[in-house]
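Before any comments, here is the structure.
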Amino acid sequence: MKYFAQAALGAATMLMGAAHAAPLTWTFEDTYLQDEREIVGTYDFDADTGTYSNIDVTILDYDGSTYLEFDSVNSSSTGNSMFMSFVFMDDVSDGASVLDIELVSAMTSAGGSIDINQQGLSQLGMCLTFNNFPCLAGQGQATGFLDGFVTAEAVPLPAAAFFMAAGLAGFGGMRMKKKAAQ
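Per mature numbering (1 follows the signal peptide of the UniProt record, and there is no 0): the sequence shown = residues -21 to -1, 1 to 161.
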């Protein structure tokens, strides 16, 4: 009975699994193609599983109207935290529009700001089937980026973190009180 609290805390700790952060929402910031059309929108990326979701990416025309909308990601992007291939309106057929974006570093659960690799594979083009990839951007409408980056906020601490810290502090206080009483 003397060590019941420590045993209970130890057992609870052993039941905890690995932490998995929720997917982060990444946002395009000041992102322009070489022809000066702007890319706006967001997408979710789960760094633990390498999956994309909730894709809402748009290329704006010069007058601010919608030029192209992308709502899915090519299967070649799954598991890749540095290269994204957005597909126009869920269409992976030859001739459909595709937006390939290569980042200078990997997206992680920590969030942050990552530049687009302007010298890499970043381009807007047309879907071409090649070497088992269902859709790759070929030379097309506009290639390359003038400028841009993506940002995401880090996942905040869970709401229960305060209660866990307070509980651990209470256990420490009880232990100190017992030692002082002896």
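Glycine residues also receive a C-beta, built at the ideal position from the N, C-alpha and C atoms. Just so it is clear, the structure is predicted and the values come from calculations on it, not from any experiment.
Should N53 go down as buried or exposed, given a rule of 16 or more other Cβ atoms within 10 Å for buried?
Buried.
Return helix, strand or coil for S64, following the three-state DSSP convention.
In the displayed model, S64 falls within a strand according to three-state DSSP.
Do the stretch 74 to 81 and the stretch 94 to 108 meet, that is, are 3 or more Cβ pairs less than 8 Å apart?
They touch, by the three-pair rule.
Just tell me which of D50, T37, G20 and M63 has its CA closest to the CA of A85.
Nearest Cα to A85 within the set D50, T37, G20 and M63: M63.
Which residues in the same chain have their Cβ closer than 8 Å to the Cβ of D9, if we skip the five residues on either side of it in sequence?
Closer than 8 Å at the Cβ level, and outside the excluded window around D9, lie D126, G127 and F128.
Run through the stretch 11 to 36 for me and flag every whole beta strand (DSSP E) of 3 or more residues, listed as ranges in chain order.
If we require 3 residues or more, the beta strand (DSSP E) runs fully inside the stretch 11 to 36 come out as 17 to 25.
Out of N33, D50 and I38, which one is the CA nearest neighbour of E15?
Per the Cα distances, I38.
Please work out which residues of its chain come closer than 6 Å, Cβ to Cβ, to D94, disregarding the five sequence neighbours upstream and downstream, and give them in chain order.
Cβ neighbours of D94 beyond the five flanking positions: V83 and F128.
T6 vs T21 beta-carbon contact at 8 Å:
Yes, Cβ-Cβ distance for T6 and T21 is below 8 Å.
Less than 8 Å between the beta carbons of T4 and D25, yes or no?
Judged by their CB atoms, T4 and D25 are not nearer to each other than the 8 Å cut-off.
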